[in-house]
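Below: the structure, in structure tokens.
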Amino acid sequence: MDYQNVFPLTDQEKNELFLALDKITYDPAGGDAYIHAIRSAMMHYLPHRVSAALGKQKASIKPRPYFILKNAPIDKEVFFSPCPNEYTPSAKSGNISENLLVGISTLIGEPYSMYFEGKEIINNLIPKREAKKEYTGLGFDVELDFHIENAALKHLEQFNVSPMGLLLAGVRRDPQSPMTRISDSRLAIAQLSQEDIATLASPLYSIKLPYRWRQSTQGGREETALVPLISQNHILPDVSAVFYPGMISASTPRAEAALERFYGLIKENAIGIDICPGDLVYIDNRFALHSRDKFTPSYDENDTPLRWVQRVFVSASLWNHRNLNQVEERIFSI
Ligand SMILES: [Fe+2]
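Per full-length UniProt numbering, the very first residue in the sequence shown carries number 1; after that it's consecutive.
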């Protein structure tokens, strides 16, 4: 792990931030007044070194691949893990984690959610027995291998709403906690041959659309046309690779071989993070891939899962969402 990407808060900073966040009422729809209040509080109470780094993430053309905030304020008590798609305020003693996620994300870009990921601006990633084999945040029995979130959406002109980044927060920790892994594709690309880079930057691959998008986009098509997986600028690349099964088809043997070598280097260059309560992890989805290990969930005395991670999507602006349905202020559906 590169410690230049890790920002611990002091206990005093944590406590001051807790008090500020505790005064703000969480708005699950992400309304303008709420976003404004939380952004103002963060500017005031977040230490300058942290807000400066977040501002740089937003503005720089050489951004960090990831960013970890440590010793962040957490809710005083978590009573149980709710059903992931239902807003359940009774599960915790307050909304510190939601406010913190929204607050940090507003210093990098604009937070939003897709309705099918959950009905509020913050998504709850909690293992669900019925979803155990799913390649989503609710599955657990399969390794959610390295991917760019919603990679195919980068190639759909009308629906280019692949998030710029993801912000994750630990709410509860499973003792068998799976690692979340992050790989900066720039490190992998620097180790590839020029020929492999040229191949990966050519329109030789088709990427499957995320399952729920297939019916509603591109006339019901299941995958993109042939597209490149890395942009022409491979020093500062935009990447759209997904390595869990069946998501990318290469159209030639050479394209397949380059993809395999890219995958190997993505795995080799990854770092692993155990996302615990008090940790916030930002992943730059433009060029950093992430994965989550397979795991066996543990349950509390109420038979609700001990693993609970929250997530929010961040984009530079919401202009690209104008073709979607706006269910609530910052919640969109297709
Ligand atoms: Fe993901």
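Glycine included, every Cβ here is placed at the ideal spot set by N, Cα and C.
- prompt: For D75, which three-state DSSP category applies?
  reply: Here the question's residue 75 lines up with position 75 in the sequence shown. Coil, per DSSP.
field: Residues whose Cβ lies closer than 6 Å to any heavy atom of ligand 1, in chain order
entry: Counting only heavy atoms of ligand 1, the residues whose C-beta sits closer than 6 Å to one of them are, along the chain, H147, E149, H290.
task: Return the first residue and the last residue of the alpha helix (DSSP H) that E329 is part of.
output: Along the sequence shown, read from residue 1 onward, the residue named residue 329 stands at position 329. Neither: E329 is in no alpha helix (DSSP H) and is coded neither H nor E.
- prompt: Alpha carbon to alpha carbon, how far is Q310 from K92?
  reply: Here residue 310 refers to the residue found at position 310 when the sequence shown is read from its first residue. Here residue 92 refers to the residue found at position 92 when the sequence shown is read from its first residue. C-alpha separation (whole angstroms): 13 Å.
query: Out of curiosity, what's the CA-to-CA distance linking V6 and K56?
result: Taking the first residue of the sequence shown as position 1, residue 6 is located at position 6. Taking the first residue of the sequence shown as position 1, residue 56 is located at position 56. Computed Cα separation, rounded: 14 Å.
query: Can you list, in chain order, the residues of its chain whose CB lies under 7 Å from that of A53, leaving out five sequence neighbours each side?
result: Your numbering for residue 53 matches position 53 in the sequence shown. Taking A53 as the centre and dropping the five residues before and after it, the same chain places the C-beta of F7, F67 closer than 7 Å to its C-beta, in chain order.
query: Between which two residues does the beta strand (DSSP E) containing residue 336 stretch?
result: Residue 336 cannot be examined here, being either before or after the span of the chain that is shown, 1 to 334.
task: Indicate the three-state DSSP secondary structure (helix, strand or coil) for R292 in the structure shown.
output: Here residue 292 refers to the residue found at position 292 when the sequence shown is read from its first residue. Annotated three-state conformation of R292 is strand, per DSSP.
query: Going along the chain, which residues of its own chain have a beta-carbon closer than 7 Å to the beta-carbon of D274, five neighbours each way excluded?
result: Sequence index remark: in the sequence shown, residue 274 carries index 274 (1-based). S177, M179.
- prompt: Smallest Cα separation from residue 352: which of M114, H48, Y26, H147?
  reply: The structure shown does not extend to residue 352, since the chain is modelled only from 1 through 334, so no value can be given for it.
Distance between R307 and D141 (C-alpha atoms, nearest Å): As a position in the sequence shown, residue 141 is number 141, starting the count at 1. As a position in the sequence shown, residue 307 is number 307, starting the count at 1. Their Cα atoms are separated by approximately 14 Å.
- request: Taking only the alpha-carbon atoms, compute the straight-line gap between I61 and D303 and give it to the nearest angstrom.
  value: For this step, residue 61 is matched to residue 61 along the sequence shown. For this step, residue 303 is matched to residue 303 along the sequence shown. In this model, I61 and D303 are separated by some 46 Å (Cα to Cα).
- request: Give the DSSP-derived three-state secondary structure of H234 in the structure shown.
  value: Here residue 234 refers to the residue found at position 234 when the sequence shown is read from its first residue. The answer is coil: DSSP assigns H234 none of H, G, I, E or B.
Simplified DSSP assignment, three categories, for P82: Numbered from 1 along the sequence shown, position 82 holds the residue referred to as residue 82. Three-state result, P82: coil.
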